[in-house]
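S.K.:
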Amino acid sequence: MEAVQAIITAYGMPVITIGHSLGAMANVAALANIKHKPNWIISLTPLVNLKANFAASMDYVGIPIHVQEHFFQNFEENFNMKIAYFHLNSLYTFDNTQQHLVLYDKEDKIAPYDYLHSYLDDHPQIEAINLNAVGHEKILRSPEAIALILGKVNSLQSEK
Numbered sequence: 147m148e149a150v151q152a153i154i155t156a157y158g159m160p161v162i163t164i165g166h167s168l169g170a171m172a173n174v175a176a177l178a179n180i181k182h183k184p185n186w187i188i189s190l191t192p193l194v195n196l197k198a199n200f201a202a203s204m205d206y207v208g209i210p211i212h213v214q215e216h217f218f219q220n221f222e223e224n225f226n227m228k229i230a231y232f233h234l235n236s237l238y239t240f241d242n243t244q245q246h247l248v249l250y251d252k253e254d255k256i257a258p259y260d261y262l263h264s265y266l267d268d269h270p271q272i273e274a275i276n277l278n279a280v281g282h283e284k285i286l287r288s289p290e291a292i293a294l295i296l297g298k299v300n301s302l303q304s305e306k
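For what it's worth, our numbering labels the leading residue of the sequence shown as 147, then goes sequentially.
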């Protein structure tokens, strides 16, 4: 959030934000914290529930529960924040008029669709587009994702 504040101080309030993965969650948290409503929020394969996501990743590679608990304790001590804070459903405080585009891959193993699905159910006004089999990191280079993002940016240009 400090980085977002530094950018705002240097360049002013954004009219559009684009974030990927944890960066998408950070955008929503920072915007809600400063109570700013940009024209568009664009989230690419957003993480929804950081603790569950970390736990699933650690389970996948066989890290024991007691080691995971130690990791979460260290996380909270190092960042001076409860890891439960990092949940998109509770961070998203925008009303139904906020324009928000979410691009995702239903088969994403890093940001599982099960978590995203609950978020989208809670916020049906969000425009969500599944880019099948594009992958978590490859979405950043996906021609389809880039075209969709440029469409939103260009729509702001035509409104001027």
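Quick reminder that beta carbons are idealized off the backbone N, C-alpha and C, glycines included.
Determine the closest residue to His-166 out of Ser-189, Met-204, Gln-303 and Val-213, with distance taken between C-alpha atoms.
M.R.: Comparing Cα positions, the closest option is Ser-189.
S.K.: Taking Tyr-231 as the reference, give the member of His-263, Val-174, Pro-210 and Ile-292 with the closest Cα.
M.R.: Per the Cα distances, Val-174.
S.K.: Asn-278 and Asp-251 look like a contact to me (Cβ under 8 Å); what is the Cβ gap, rounded to whole Å?
M.R.: The Cβ separation is near 7 Å, so the contact holds.
S.K.: On the premise that Gln-271 lies in contact with Asn-185, defined as a C-beta separation below 8 Å, what is that separation, rounded to the nearest angstrom?
M.R.: So it is not a contact: roughly 15 Å between Cβ atoms.
S.K.: Would the segment 260–270 count as touching the segment 209–227 if we require 3 or more Cβ pairs under 8 Å?
M.R.: Too few Cβ pairs lie closer than 8 Å, so no.
S.K.: Using DSSP with H/G/I as helix, E/B as strand and the rest coil, what is Ser-167?
M.R.: Reduced to three states, the DSSP call for Ser-167 is coil.
S.K.: Between the alpha carbons of Tyr-211 and Pro-258, how many angstroms are there, rounded?
M.R.: Looking at the sequence shown, residue 211 is not Tyr but Ile. Those two C-alpha atoms are separated by around 20 Å.
S.K.: For Glu-273, does the three-state DSSP call read helix, strand or coil?
M.R.: Correct three-state label for Glu-273: strand.
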